[in-house]
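Asker: Before I ask anything, here is the structure I am working with.
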Amino acid sequence: MNKVVSGVEEALVGIEDGMTLMLGGFGLCGIPENSIGQLVKLGIKDLTCISNNAGVDDFGLGLLLQNKQVRKMISSYVGENDEFERQMLSGELEVDLIPQGSLAERCRAGGAGIPAFFTPAGFGTEVAEGKEVRIFNGKPHILESALTADFAIVKAWKGDTEGNLVFKATARNFNPMMAMAGKITIAEVEELVPAGELDPNFIHTPGIFVQRIFKGERFEKRIEQRTVQQRT
Amino acid sequence: MALDKTGIAKRIAQELRDGWYVNLGIGIPTLVANYIPEGIEVEFQSENGILGMGPFPFEGEEDADLINAGKQTITARKGAAFFDSAMSFAMIRGQHVQLTVLGAMEVSQNGDIANWKIPGKMVKGMGGAMDLVASAENIIVAMMHSNKAGESKILKACTLPLTGVGCVKKVVTELAVLEIKDNKFHLIERAPGVSVEEIISKTEGDLVVPDVVPEMQL
Numbered sequence: 001m002n003k004v005v006s007g008v009e010e011a012l013v014g015i016e017d018g019m020t021l022m023l024g025g026f027g028l029c030g031i032p033e034n035s036i037g038q039l040v041k042l043g044i045k046d047l048t049c050i051s052n053n054a055g056v057d058d059f060g061l062g063l064l065l066q067n068k069q070v071r072k073m074i075s076s077y078v079g080e081n082d083e084f085e086r087q088m089l090s091g092e093l094e095v096d097l098i099p100q101g102s103l104a105e106r107c108r109a110g111g112a113g114i115p116a117f118f119t120p121a122g123f124g125t126e127v128a129e130g131k132e133v134r135i136f137n138g139k140p141h142i143l144e145s146a147l148t149a150d151f152a153i154v155k156a157w158k159g160d161t162e163g164n165l166v167f168k169a170t171a172r173n174f175n176p177m178m179a180m181a182g183k184i185t186i187a188e189v190e191e192l193v194p195a196g197e198l199d200p201n202f203i204h205t206p207g208i209f210v211q212r213i214f215k216g217e218r219f220e221k222r223i224e225q226r227t228v229q230q231r232t
Numbered sequence: 001m002a003l004d005k006t007g008i009a010k011r012i013a014q015e016l017r018d019g020w021y022v023n024l025g026i027g028i029p030t031l032v033a034n035y036i037p038e039g040i041e042v043e044f045q046s047e048n049g050i051l052g053m054g055p056f057p058f059e060g061e062e063d064a065d066l067i068n069a070g071k072q073t074i075t076a077r078k079g080a081a082f083f084d085s086a087m088s089f090a091m092i093r094g095q096h097v098q099l100t101v102l103g104a105m106e107v108s109q110n111g112d113i114a115n116w117k118i119p120g121k122m123v124k125g126m127g128g129a130m131d132l133v134a135s136a137e138n139i140i141v142a143m144m145h146s147n148k149a150g151e152s153k154i155l156k157a158c159t160l161p162l163t164g165v166g167c168v169k170k171v172v173t174e175l176a177v178l179e180i181k182d183n184k185f186h187l188i189e190r191a192p193g194v195s196v197e198e199i200i201s202k203t204e205g206d207l208v209v210p211d212v213v214p215e216m217q218l
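Protein chains in written order, with this note's numbering: chain A, 1 to 232; chain B, 1 to 218.
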């Protein structure tokens, strides 16, 4: 089944104002930067974005925030983005902060057909407000619901024409679960190869979860915290 | 003399045991990896998706695709593994990680921790901290004894929004090692040259002080 589209323009067809999007990545690592650039260009607004972070002021999802295209963010950590913090504290931006593990599992559950699950994370905190609590093995847990999205946009290292994906190092992060949870999943990849070139033993995301795939034109891959050691 | 951040990290490193998988939070906890005691082997897990985290790369060898949970460029040790975020938190929630070290804004004497939000002022988010503290059996907090305004962070009850309840077992600050049990802080060790009186005066929570408080051996 050929999932290849011509490029980012064709890949994002059908994304409209007010939709819910999942965007893979952790910090600036493994984010679908070509698609984010195109969302900015298209000016699609009132978006609900589910993404672990919100980029930095001038890169990643921060670009959509600067452009006031986001109505609501669902994230776990947004500490590197001044504009985000400003919009949130002023009430311009609706924000749902949820524990990182719960966010990952809620995406996984959404893709796996599990409507909700119990987790100990967040019990006794404001995250638990309004949520059912149950005791398992003597320990309180809270009920968390699954997340899905109109579109999930993920970034992979390699992909094939069937939509099979392989991620590199820690750029995998949220991408596999989000790929599962999108009604339509778009994958932008660094290398797009014919079916058969990727070893089926080493596929991270099977092509069934991917509807559209394209080779990203340009990957800046900005580093958020460049830390090095000196050679002795 | 009170310890610096390196000193706190060195003292916490003494808590590491052979064969442990360890998750280190952002800030002082990250430094713990530099002081693994000789003769023991531990593996560091970073919740963004690596087991077997190595030191920072040499200049010119940074890889944007290889970072830790603090978004710092890192390396992977021989035998490392990469995985997705759901798998990562399965390791954490499933209690496959033996020790979690993280920073805090406040800790209370019943083991509550607050480290993610100051209402109306600062909201960074909890990241993986809530998952980590809700599940880890062994949690050590690394932090300064007082905040920038000089107020104690070692409290009877936390004033800030909580990250987790009743979970912290041990706190290491620039002044002292404190254990939490029976709803009280217990003074276990003091930093070299720091007086018990100074620790008492800077601790707001109930503190049990034994007759003899040994100095940390760093």
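Beta carbons: idealized from backbone N, C-alpha and C, even for Gly.
(1) Ordered along the chain, which non-local residues of its own chain (more than five positions away) have a Cβ less than 7 angstroms from that of residue 146 of chain A?
(2) Determine the direct distance from the alpha carbon of residue 160 of chain A to that of residue 194 of chain A, and round the result to whole angstroms.
(3) Taking Cβ positions, are residue 185 of chain A and residue 154 of chain A nearer each other than 8 angstroms?
(4) Does the Cβ of residue 6 of chain B have 16 or more other Cβ atoms within 10 Å, making it buried, or fewer, making it exposed?
(5) Using the beta-carbon of each residue, which ones in chain B are nearer than 8 angstroms to residue 210 of chain A?
(6) If the cut is a Cβ gap below 7 angstroms, which residues of chain A does residue 100 of chain B touch?
(7) Using only the alpha-carbon positions, how far apart do residue 52 of chain A and residue 128 of chain B sit?
(8) Identify which residue in A:17, A:131, A:137 has its Cα closest to the Cα of residue 144 of chain A.
(9) Output, in sequence order along the chain, the residues in the segment 40-60 of chain B whose CB is closer than 9 angstroms to any CB in chain A.
(10) How far does the beta strand (DSSP E) with residue 22 of chain A in it extend, from its first residue to its last?
(11) From the DSSP secondary-structure annotation, give me the bridge partner or partners of residue 73 of chain A.
(12) What does DSSP give as the partner residues of residue 183 of chain B in its beta bridges?
(13) Consider the Cβ of residue 33 of chain B: report whether some Cβ of chain A lies at a distance smaller than 8 angstroms.
(14) Which of helix, strand or coil does DSSP assign to residue 167 of chain B?
(15) Which residues in chain B sit within 7 angstroms of residue 115 of chain A, going by Cβ to Cβ distance?
(16) If you run the structure through DSSP and keep just helix, strand and coil, what is residue 176 of chain B?
(17) State the beta-bridge partners of residue 160 of chain A as determined by DSSP.
(18) Output the boundary residues of the alpha helix (DSSP H) element that contains residue 102 of chain A.
(19) CB-CB under 7 angstroms to residue 224 of chain A, same chain, minus the five flanking residues each way: which ones, in chain order?
(20) Spell out whether any CB of chain B is found under 8 angstroms from the CB atom of residue 123 of chain A.
(21) Counting pairs of Cβ atoms below 8 angstroms between the segment 130-147 of chain B and the segment 101-118 of chain B, do you hit three or more?
(22) The beta strand (DSSP E) with residue 212 of chain A in it runs from where to where?
(23) Using only alpha-carbon positions, find the residue among B:50, B:187, B:45 that is nearest to residue 172 of chain A.
(24) Answer with yes or no whether the minimum CB distance from residue 108 of chain B to chain A is below 8 angstroms.
(25) Report buried or exposed for residue 99 of chain A, applying the criterion of at least 16 other Cβ atoms within 10 angstroms of its Cβ.
(26) Less than 8 angstroms between the CB atoms is what I'm expecting for residue 101 of chain A and residue 92 of chain B, so what's the real figure, rounded?
(27) Would a check of beta-carbon distances place residue 134 of chain A closer than 8 angstroms to chain B?
(28) For residue 182 of chain A, write down the residues that DSSP places opposite it in a beta bridge.
(29) Do residue 146 of chain B and residue 174 of chain A have their C-beta atoms closer together than 8 angstroms?
(30) How big is the Cα-Cα spacing for residue 204 of chain B and residue 141 of chain B?
(31) Establish whether the CB of residue 160 of chain B and some CB of chain A are separated by less than 8 angstroms.
(32) By DSSP, does residue 75 of chain B sit in helix, in strand, or in coil?
(33) Note down the Cα distance separating residue 209 of chain B from residue 187 of chain B, rounded to an integer number of angstroms.
(34) If I measure Cβ to Cβ from residue 151 of chain A and keep anything under 6 angstroms in the same chain, skipping five residues before and after, which residues do I get?
Answerer: Inspection of the coordinates gives the following:
(1) Against the first sequence, residue 146 of chain A aligns to sequence position 146. Counting only Cβ-Cβ distances below 7 angstroms, and skipping sequence neighbours, we find 106, 109, 110, 114, 115, 116.
(2) Position 194 of the first sequence holds residue 194 of chain A. Position 160 of the first sequence holds residue 160 of chain A. C-alpha separation (whole angstroms): 5 angstroms.
(3) As a working mapping, residue 185 of chain A is identified with position 185 in the first sequence. As a working mapping, residue 154 of chain A is identified with position 154 in the first sequence. Yes, these two residues count as a Cβ contact at 8 angstroms.
(4) Sequence index remark: in the second sequence, residue 6 of chain B carries index 6 (1-based). Here residue 6 of chain B is exposed. Its C-beta has fewer than 16 other C-beta atoms within 10 Å.
(5) Within the first sequence, the letter at position 210 stands for residue 210 of chain A. Near residue 210 of chain A there are no residues of chain B at all, since even the closest Cβ is about 15 angstroms away, more than 8 angstroms.
(6) Along the second sequence, one-based indexing puts residue 100 of chain B at 100. Taking the beta carbon of residue 100 of chain B as reference, no residue of chain A falls within 7 angstroms; the closest one sits roughly 12 angstroms away.
(7) As a working note, residue 52 of chain A is residue 52 in the first sequence. As a working note, residue 128 of chain B is residue 128 in the second sequence. Rounded to the nearest angstrom, the two C-alpha atoms are 10 angstroms apart.
(8) Here residue 144 of chain A corresponds to residue number 144 of the first sequence, with the count starting at 1. Closest by alpha carbon: A:131.
(9) Per Cβ criterion, the list reads 46, 47, 48, 49, 50, 55, 56, 57, 58, 59, 60.
(10) Taking the first residue of the first sequence as position 1, residue 22 of chain A is located at position 22. For residue 22 of chain A, the enclosing beta strand (DSSP E) begins and ends at 20-23.
(11) Walking along the first sequence from the start, residue 73 of chain A turns up at place 73. Looking at the DSSP assignment, residue 73 of chain A forms a beta bridge with A:49, A:95.
(12) Start at 1 with the first residue of the second sequence, and residue 183 of chain B comes out as number 183. None; residue 183 of chain B has no bridge partner.
(13) In the second sequence, the residue the question calls residue 33 of chain B occupies position 33. Under the Cβ distance rule, residue 33 of chain B does not count among the residues neighbouring chain A, no pair being separated by less than 8 angstroms.
(14) By 1-based counting over the second sequence, the position of residue 167 of chain B is 167. Three-state DSSP puts residue 167 of chain B in coil, outside helix and strand.
(15) For the purposes of this step, residue 115 of chain A is taken as the residue at position 115 of the first sequence. The premise fails here: residue 115 of chain A is roughly 16 angstroms from chain B at the closest Cβ pair, so nothing lies under 7 angstroms.
(16) Residue mapping note: residue 176 of chain B aligns to position 176 of the second sequence, counting from 1. Residue 176 of chain B: strand per DSSP, three-state reduction.
(17) Counted from its first residue, the first sequence places residue 160 of chain A at position 160. Answer is A:193.
(18) As a working note, residue 102 of chain A is residue 102 in the first sequence. It spans 100-112 - the alpha helix (DSSP H) in which residue 102 of chain A sits, taken as one unbroken run.
(19) For this step, residue 224 of chain A is matched to residue 224 along the first sequence. The beta carbon of residue 224 of chain A sits closer than 7 angstroms to the beta carbons of 27, 28, 56, 80 from its chain, once the five residues preceding and following it are set aside; these are given in chain order.
(20) On the first sequence, position 123 is the one that residue 123 of chain A refers to. Between residue 123 of chain A and chain B, the shortest Cβ-Cβ separation is below 8 angstroms.
(21) Contact between the segment 130-147 of chain B and the segment 101-118 of chain B is present: three or more C-beta pairs spanning the two stretches fall below 8 angstroms.
(22) Along the first sequence, one-based indexing puts residue 212 of chain A at 212. From DSSP, the beta strand (DSSP E) with residue 212 of chain A extends over 212-215.
(23) For the purposes of this step, residue 172 of chain A is identified with residue 172 of the first sequence, where counting begins at 1. Looking at the Cα atoms, B:50 is the closest of the given residues.
(24) By 1-based counting over the second sequence, the position of residue 108 of chain B is 108. Between residue 108 of chain B and chain A, the shortest Cβ-Cβ separation is not below 8 angstroms.
(25) Along the first sequence, read from residue 1 onward, the residue named residue 99 of chain A stands at position 99. Residue 99 of chain A is buried by the Cβ-count criterion.
(26) Taking the first sequence and counting its residues from 1, the one referred to as residue 101 of chain A is at position 101. Taking the second sequence and counting its residues from 1, the one referred to as residue 92 of chain B is at position 92. 6 angstroms between Cβ atoms; contact.
(27) In the first sequence, counting from the first residue as 1, residue 134 of chain A sits at position 134. The beta carbon of residue 134 of chain A does not come within 8 angstroms of any beta carbon belonging to chain B, so the residue lies off that interface.
(28) Position 182 of the first sequence, counted from the first residue, corresponds to residue 182 of chain A. Residue 182 of chain A pairs with A:149.
(29) In the second sequence, the residue the question calls residue 146 of chain B occupies position 146. In the first sequence, the residue the question calls residue 174 of chain A occupies position 174. Contact flag unset, no.
(30) As a first step, residue 204 of chain B is located in the second sequence; it is residue number 204 there, counting from the start. As a first step, residue 141 of chain B is located in the second sequence; it is residue number 141 there, counting from the start. Approximately 17 angstroms, taken between the alpha carbons.
(31) Within the second sequence, residue 160 of chain B is the residue found at index 160, counting from 1. By this cut-off, residue 160 of chain B is not an interface position.
(32) Translated into positions along the second sequence, residue 75 of chain B becomes position 75. Collapsing the DSSP output to three states places residue 75 of chain B in a strand.
(33) For the purposes of this step, residue 209 of chain B is taken as the residue at position 209 of the second sequence. For the purposes of this step, residue 187 of chain B is taken as the residue at position 187 of the second sequence. Looking at the two C-alpha atoms, the distance is approximately 5 angstroms.
(34) Counting from 1 along the first sequence, the entry for residue 151 of chain A is found at position 151. Answer for residue 151 of chain A: 15, 21, 182, 184, listed in chain order.
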